[in-house]
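Asker: Below is one structure. I have some questions about it.
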Amino acid sequence: ELVAQVESSLKQASRLIQRQDKSTDSSPKIQVPFDVELTPTELRVVQFVARGMANREIADELNVSQRTIESHVSNMLGKTGLHNRTELARWAIENSMA
């Protein structure tokens with residue numbers, strides 16, 4: 079139940095980020111190292127994360143295990159230096175990956 083609530087909150091946060099008008103957004107752009115390179119699979123996963131999808135939903139969509147998606151998300155957080163899925167989603171949206 080707690081996991082479902084957290085996933086719901088993440089989904090809601092991602093949707094709010096998508097709705098924000100970038101021209102009136104006063105918050106600074108998410109900063110990541112300029113040389114970050116995501117694998118093709120990570121790019122697909124980050125697009126789903128940016129849509130607010132939970133790991134289980136992404137796993138079902140890509141026909142892989144939930145643990146595989148968790149690993150991809152963890153790897154992307156490590157590569158980018160971001161702290162959570164919401165920052166990852168925002169970064170993807172700001173950089174036209176989603």
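If you read the sequence shown in the working numbering, its first letter stands for residue 79, the second for the next number, and so on.
Don't be surprised by glycine CBs; every beta carbon is placed ideally from N, CA and C.
#1: Can we say the region 145 to 161 touches the region 109 to 120, given the rule of at least three CB pairs closer than 8 Å?
#2: DSSP state of F112, grouped into three classes?
#3: Measuring CA to CA, which of Q83, R145, L160, S92 is closest to I43?
#4: For A176, name the three-state secondary structure that DSSP assigns.
#5: Quick one: grab the DSSP three-state call for T117.
Answerer: Quick answer:
#1: yes
#2: coil
#3: Nothing can be reported for residue 43, as the shown portion of the chain is limited to 79 through 176.
#4: coil
#5: coil
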